[in-house]
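Student: Residue numbers (our numbering): 49 to 491.
Don't be surprised by glycine CBs; every beta carbon is placed ideally from N, CA and C.
Take a look at the following structure, please.
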Amino acid sequence: MSVNKADLRHMLLHFTSGKAWREGNVPMYVRGEGVYLWDDDGNKIFDGLAGLFVVQLGHGRSDLANAAAKQMELLAYTPTWAAAHPSAIECAKLISEVAPTGMDSVFFVSSGSEAVESVIKFARQYHYMRGNPTKTGIISRDFSYHGTTMGALSLTGLEGIRAPFYPLLPNTHKVPNTLDAANGGAAAFEETILRVGPENIGLITAEPVQNGGGALVPPDGYWQELRRICDKYDILLHADEVITGFGRLGDWFGSAIVGADPDFITFAKGATSGYAPIGGVIVRDEVVNDLLIEHDTGFTHGATWGGHPMVMATAIANITAMRSEHVVENVAANQDYFGAKLAELAAAYDVVTDIRGTGYFYAVELGRSREGGQYLTEEETALYVKERLPRFIQDANLLIRADDRGNAKLMLSPPLICEASDLDKLLAGVDEVVSRFAGDLSP
């Protein structure tokens with residue numbers, strides 16, 4: 049397909065500056081295969097972000113495309129409002145098989161934001177049906193990202209994207225994330241509960257490893273303490289696994305890695321490797337029993353595209369391939385190598401102020417000097433993250449993300465099919481970017 053870049057004016061882009069849109073100064077990708085993308089100039093680009101934390105199996109998978117096409121020929125659409133179809137049932141069954149024990153039911157939507165919205169409503173209806181209608185409050189963390197729809201945005205802890213949309217949901221509260229070692233423990237949740245009143249809090253939301261702030265791995269015991277707090281005050285616990293789910297951390301779900309025991313797991317991205325839009329909620333059996341058996345109300349929520357046949361067929365093909373090709377095991381086998389090589393990168397450059405993460409999910413934090421404890425100013429961070437680092441990344445033929453939520457950083461999230469040799473190619477590109485950053489800094 050031939051496209052004139054001038055026609056970009058017809059397409060409004062997501063999270064893109066007006067200047068970049070007006071000038072057409074954005075990459076245009078035209079093909080993908082394995083861990084690589086090609087742009088409209090013919091450049092071969094290593095996809096070190098898996099699209100956007102999405103493409104677990106890599107690009108160009110004919111098995112996923114064929115599964116989608118076959119389903120569309122057989123049954124293109126039917127709703128899941130008081131109805132079902134075989135692909136949705138099979139997909140829910142497959143997900144329950146890889147989900148944590150005791151989480152055997154799945155509610156499908158079409159995106160991560162919708163999934164988080166669904167959890168908000170699950171929690172409200174759960175407490176309402178149990179005679180606790182005031183337990184509408186939700187606690188989440190600073191710098192967290194849970195989506196852009198109004199409810200999900202209310203849980204998001206990024207002021208820059210929240211500010212234009214006030215007022216958001218009332219009775220939503222933020223506590224420090226785990227990067228703030230002094231204040232970022234689970235005790236901050238309990239302090240907020242006691243301040244607001246346990247009768248007013250119904251849900252705690254957190255990612256097993258938080259993306260905002262840069263791949264924040266919690267300390268040992270953190271999630272177990274969250275479970276204790278939730279049980280003590282009759283609060284539901286939500287693990288947002290839109291990024292960490294489906295193998296990203298070296299297990300099917302990040303909850304298993306950090307020892308979480310949630311009532312809800314939200315997922316999206318990796319469930320189809322990006323070949324079709326999906327979102328969903330995996331629900332603890334006790335919550336399902338309460339809503340659908342003890343009270344017999346069902347869940348008063350729905351979406352036209354939830355459980356779409358083509359999407360379900362794609363997810364089935366994706367999960368089946370991940371199992372048969374041992375993709376999650378591949379991450380577990382290579383994650384230490386990935387982490388060790390990133391540690392070598394940090395040792396080679398004083399401008400690498402920290403390396404954080406686990407599995408195939410890492411942040412390379414950048415500043416003036418690790419040894420001197422010197423970070424970029426706010427103005428320098430904006431300059432590098434919005435202008436210079438993206439140029440360095442593009443020149444290195446990489447797709448990774450420059451992120452300014454907190455200190456400047458590079459986010460790495462390669463396809464889960466990457467072997468050690470693929471990681472070496474990614475890291476060579478990252479080395480090039482960091483080297484240019486170091487040379488570009490003014491004395």
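Counting only runs of 3+ residues fully inside the segment 244-274, write out the beta strand (DSSP E) ranges in chain order.
Tutor: With a minimum length of 3 residues, the continuous beta strand (DSSP E) runs that stay inside the segment 244-274 are 249-254.
Student: Consult DSSP for Y408 and reduce its assignment to one of helix, strand or coil.
Tutor: Within the sequence shown, numbered from 1, the residue matching residue 408 stands at position 360. Three-state result, Y408: coil.
Student: Kindly indicate which residue of E71, S65, Y77, H58 has the alpha-carbon position closest to the one of N445.
Tutor: One-based indexing of the sequence shown puts residue 445 at position 397. The shortest C-alpha separation from N445 is found at Y77.
Student: Mapping the DSSP letters down to three states, classify G160 as helix, strand or coil.
Tutor: Counting from one through the sequence shown, the residue named residue 160 turns up at place 112. Of the three classes helix, strand and coil, the one that applies to G160 here is helix, per DSSP.
Student: Do G108 and E145 come within 7 Å of each other at the CB atom, strictly closer than that value?
Tutor: Looking up residue 145 in the sequence shown gives position 97. Looking up residue 108 in the sequence shown gives position 60. No, the pair does not count as a contact, with Cβ atoms beyond the cut-off.
Student: Put G82 into one of helix, strand or coil per three-state DSSP.
Tutor: By one-based count along the sequence shown, residue 82 stands at place 34. In this structure, G82 counts as strand in the three-state DSSP scheme.
Student: Which residue from E207, L340, E428, P134 puts its Cα closest to that of K457?
Tutor: Along the sequence shown, read from residue 1 onward, the residue named residue 457 stands at position 409. Among E207, L340, E428, P134, the Cα nearest to that of K457 belongs to E428.
Student: Three or more beta-carbon pairs under 8 Å between the segment 290-309 and the segment 334-351, yes or no?
Tutor: The segment 290-309 vs the segment 334-351: no contact.
Student: For T352, which option in P127, S153, L85 has the closest C-alpha, if you only look at C-alpha atoms?
Tutor: Working through the sequence shown from its first residue, we reach residue 352 at position 304. Out of P127, S153, L85, P127 has the C-alpha closest to the C-alpha of T352.
Student: Is the separation between the beta-carbon of Y281 and that of I241 shorter than 7 Å?
Tutor: Taking the first residue of the sequence shown as 1, we reach residue 281 at position 233. Taking the first residue of the sequence shown as 1, we reach residue 241 at position 193. Against a cut-off of 7 Å, the Cβ pair of I241 and Y281 comes out as a contact.
Student: Quick one: Cα of G318 to Cα of E71, how far?
Tutor: The count along the sequence shown starts at 1 and reaches residue 318 at position 270. The count along the sequence shown starts at 1 and reaches residue 71 at position 23. If I take the Cα positions, the gap works out to 32 Å.
Student: Starting from G327, follow its DSSP beta bridges and name the residues at the other end.
Tutor: The sequence position of residue 327 within the sequence shown is 279, counting from 1. Per DSSP, V157.
Student: Closest to W129 by C-alpha separation, out of T197, L340, F101, G354, would be which residue?
Tutor: Your numbering for residue 129 matches position 81 in the sequence shown. Nearest of T197, L340, F101, G354 to W129, Cα basis: G354.
Student: Output needed for I186: all residues of its chain with C-beta closer than 8 Å, excluding positions within five of it in sequence on either side, in chain order.
Tutor: If you number the sequence shown from 1, residue 186 lands on position 138. Cβ within range, chain order: I168, A171, S202, L203, L217, N219, T220, H221, I249, G250, L251, I252, T253.
Student: Considering only residues of the segment 99-162, which uninterrupted beta strand (DSSP E) runs meet the minimum length of 3 residues and lie entirely inside it, listed in chain order?
Tutor: Listed in chain order, they are 153-157.
Student: Nearest to I326 by alpha carbon, out of C139, S65, R210?
Tutor: To locate residue 326, count along the sequence shown from 1; it is residue 278. The option with the nearest alpha carbon to I326 is C139.
Student: Find the nearest neighbour of R453 within the set Q422, E207, R57, D268, judged by alpha-carbon distance.
Tutor: Your numbering for residue 453 matches position 405 in the sequence shown. The candidate whose alpha carbon is nearest that of R453 is E207.
Student: What is the DSSP secondary structure of G199, reduced to helix, strand or coil?
Tutor: As a working mapping, residue 199 is identified with position 151 in the sequence shown. In this structure, G199 counts as helix in the three-state DSSP scheme.
Student: Quick check on G233: does DSSP put it in helix, strand or coil?
Tutor: Taking the sequence shown and counting its residues from 1, the one referred to as residue 233 is at position 185. If DSSP states are grouped into helix, strand and coil, G233 belongs with coil.
Student: Identify which residue in H343, P215, D488 has its Cα closest to the Cα of M198.
Tutor: For the purposes of this step, residue 198 is identified with residue 150 of the sequence shown, where counting begins at 1. Ranking H343, P215, D488 by Cα distance to M198 puts P215 first.
Student: Are the beta-carbon atoms belonging to P224 and D279 less than 7 Å from one another?
Tutor: Locating residue 224 in the sequence shown gives position 176, counting from the first residue. Locating residue 279 in the sequence shown gives position 231, counting from the first residue. No, they are not a contact pair.
Student: How many angstroms separate the CA atom of L297 from the CA atom of Y408?
Tutor: Looking up residue 297 in the sequence shown gives position 249. Looking up residue 408 in the sequence shown gives position 360. Between L297 and Y408, the C-alpha separation is close to 6 Å.
Student: Leaving out five residues before and five after H349 in sequence, what residues of the same chain have Cβ atoms less than 7 Å from its Cβ?
Tutor: Residue numbering aside, residue 349 sits at position 301 when the sequence shown is read from its first letter. Around H349: S166, K169.
Student: Is the segment 399-406 touching the segment 264-279, taking contact as three or more C-beta pairs under 8 Å?
Tutor: They touch, by the three-pair rule.
Student: Excluding five sequence neighbours on each side, which residues of the same chain lie with their C-beta closer than 6 Å to the C-beta of T401?
Tutor: Your numbering for residue 401 matches position 353 in the sequence shown. Cβ within range, chain order: E413, G415, R418.
Student: With a CB to CB cut of under 8 Å and the five nearest residues on each side skipped, what residues in its chain are close to Q442?
Tutor: Taking the sequence shown and counting its residues from 1, the one referred to as residue 442 is at position 394. Answer for Q442: P75, listed in chain order.
Student: Would DSSP call R496 helix, strand or coil?
Tutor: What the structure shows of the chain is the stretch from 49 to 491, and residue 496 is not part of that stretch, so it cannot be assessed.
Student: Measuring alpha carbon to alpha carbon, tell me which of L284, E467, T64 ends up nearest P246.
Tutor: Sequence index remark: in the sequence shown, residue 246 carries index 198 (1-based). For P246, the nearest C-alpha among the options comes from L284.
Student: Can you tell me which residues form a DSSP beta bridge with R189?
Tutor: In the sequence shown, counting from the first residue as 1, residue 189 sits at position 141. V223, per the DSSP bridge assignment.
Student: G387 to A211, Cα distance in whole Å?
Tutor: Taking the sequence shown and counting its residues from 1, one reaches residue 387 at position 339. Taking the sequence shown and counting its residues from 1, one reaches residue 211 at position 163. Rounded to the nearest angstrom, the two C-alpha atoms are 36 Å apart.
Student: Mind reading off the beta-carbon distance from A365 to D111? Whole number of angstroms is fine, and I expect it under 8 Å.
Tutor: Looking up residue 365 in the sequence shown gives position 317. Looking up residue 111 in the sequence shown gives position 63. Yes, they are in contact, since the Cβ atoms of A365 and D111 sit about 6 Å apart, within 8 Å.
Student: In chain order, what residues of the same chain have a beta carbon less than 8 Å from the beta carbon of V481, not counting five sequence neighbours either side?
Tutor: For this step, residue 481 is matched to residue 433 along the sequence shown. These residues qualify, in order along the chain: L437, F440, I441, A444, L446, I448, L458.
Student: Okay, do the segment 378-387 and the segment 144-159 touch, 3+ Cβ pairs below 8 Å being the bar?
Tutor: No, the segment 378-387 is not in contact with the segment 144-159.
Student: For R296, does the three-state DSSP call read helix, strand or coil?
Tutor: For this step, residue 296 is matched to residue 248 along the sequence shown. It is coil, neither helix nor strand.
Student: Once DSSP output is grouped into helix, strand and coil, what is the label at F347?
Tutor: Within the sequence shown, residue 347 is the residue found at index 299, counting from 1. DSSP places F347 in coil when its eight states are reduced to three.
Student: Is the separation between the beta-carbon of D288 and that of E255 shorter than 7 Å?
Tutor: Walking along the sequence shown from the start, residue 288 turns up at place 240. Walking along the sequence shown from the start, residue 255 turns up at place 207. Yes, Cβ-Cβ distance for D288 and E255 is below 7 Å.
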